[in-house]
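Taking it in order: structure first as structure tokens, then the write-up.
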Amino acid sequence: MIRASDLTEKEVINITDGRRIGLITDIDVNLEKGKINAIIVPDNEKVFGLFGKELENEITWAEIKKIGIDVILVEVKGNIEPHIGSYMKENDIDNDNTSKYNGFEKNNKK
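With the UniProt record's numbering applied, the sequence shown closes on residue 110, and no number is skipped along the way.
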């Protein structure tokens with residue numbers, strides 16, 4: 001049995017291209033079914049550091065191929081499209097699908 005706490009802070013590597021995706025910072029859990037839907041890894045391109053809003057990568061449970069002692073191997077084909085974290089407030093996103101970061105704009109890809 002794997003505990004959610006065993007997954008956090010593990011390195012995530014994409015076996016498709018050998019690229020380091022990052023460290024797990026959160027887990028999306030379906031509490032009704034008791035299953036993990038996805039792991040959350042911050043995007044490498046942080047916007048405005050600690051106090052700025054971060055984009056995150058969501059990797060589904062089906063994309064996880066092997067959980068090791070130190071790393072998690074995933075198979076994600078194509079580019080991972082980062083999105084604004086679910087902890088963000090709805091009013092931080094404009095209706096035209098553009099996010100505002102401290103006066104700067106960056107297209108929000110979902």
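Note that CB positions come from ideal geometry on N, CA and C, so glycine has one too.
The alpha carbon of Lys77 has as its nearest neighbour, out of Arg3, Gly18 and Ile40, the alpha carbon of Gly18. Contact between Lys10 and Val71 is confirmed by a C-beta separation of about 6 Å, below the 8 Å threshold.
Closest by C-alpha distance to Arg3, out of Val29, Leu55 and Val12, is Val29. Within the same chain, Cβ atoms closer than 8 Å to the Cβ of Ile13 are found at Arg19, Arg20, Ile21, Val71, Ile72, Leu73 and Val74, the five residues on either side in sequence being excluded. A distance below 8 Å separates the beta carbons of Glu58 and Ile40.
For Glu32, the secondary structure class from DSSP, reduced to helix, strand or coil, is coil.
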